[in-house]
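To start, the structure under review is shown below, and the notes come after it.
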Amino acid sequence: MPEAARAALPALFISDLHLSEDEPANVEAFLAFLEGPAREAASLFILGDLFEYWAGDDDLATPFNARIAEAIRTLSCSGTAVHFMTGNRDLLAGPAFATAIGATLLDDPACVRFGDAANAPVLLLSHGDALCTDDLAYQAYRRQVRDPAWQAGFLAQPLAARKAFIASLRQKSETAKAGKSMEIMDVNAEAVAALLRSHDYPILVHGHTHRPDLHALKVDGRECARHVLSDWRGAACWLAFDGSRFSAHTDTSAG
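Each residue of the sequence shown is one higher than the one before, counting from 1469 in this note's numbering.
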């Protein structure tokens, strides 16, 4: 199994907030979460799609993005360690963004060990889109936009041009999703098994599919678990882990 990063408990996990100026209630829910439950945690893991889109780290100058970044940085400065993994919507978030929010960037997937003891719990974290291997068109797109050469060329364009391209891409994506079955956009069982196998069968936590649930599964005779995080449309949702137990939380009061 690859070397695991270290993190402290208790830990909270969130993903798929899709923050944008178009949904102020969602933004207020996130800000309330940062000032409330997140302050009580030792670690916060943001597992992708924090924003509806991210055009590049030079977009930090946008007042909306700066406001969100400052709120997360305030949490980090308060003592909660923040860890950030990119998703498909914010895959262009890089070192400058991580510095701005006071976070550690995580690879996808990432193993995280909670404690230094030999038997300390280890979780495998992922955004989750890489596991949706039945959606061949999406996987081809994913390979393209995660290619370093493609990203370098894209980021060399003016910010306004990048935003216009992303807006067009989002529209095409919504049209394409309307013609796909729900099954093809979910994770592939063999892809999940292969990932767990390659990391010595840890507990997997991921987002992306917007289908919150706990899945018990058996891989190569080993009992495994897969926690799927919720999106934040309509409510603040997070998964908490205290080292031995997971608990899912929903707060509809904020915003």
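By construction, the Cβ of each residue, glycine as well, lies at the ideal position given by its N, Cα and C atoms. Every value quoted in this text rests on a predicted model; they were computed, and no experiment measured them.
- Here C1600 carries a coil assignment [DSSP, helix/strand/coil].
- Taking the Cβ atoms as the reference, G1555 lies roughly 7 Å from S1483, within the contact range of under 8 Å.
- Close CB contacts of L1685 within its chain, under the 7 Å cut and outside five residues either way in sequence, are with C1692 and R1694 (chain order).
- No Cβ-Cβ contact shorter than 8 Å links A1510 with A1566.
- DSSP, read as helix, strand or coil, puts A1506 in helix.
- Distance check between D1525 and each of F1513, A1506 and L1559 places L1559 closest, using alpha-carbon atoms only.
- By the beta-carbon neighbour count (other beta carbons within 10 angstroms, threshold 16), R1630 is buried.
- The way I'd put it, the segment 1581-1599 does touch the segment 1702-1712; three or more beta-carbon pairs between them come closer than 8 Å.
- The three-state secondary structure of R1679, taken from DSSP, is coil.
- In the structure shown, L1627 falls within a helical segment according to DSSP collapsed to helix, strand and coil.
- CA-CA distance, E1489 to R1541, rounds to 19 Å.
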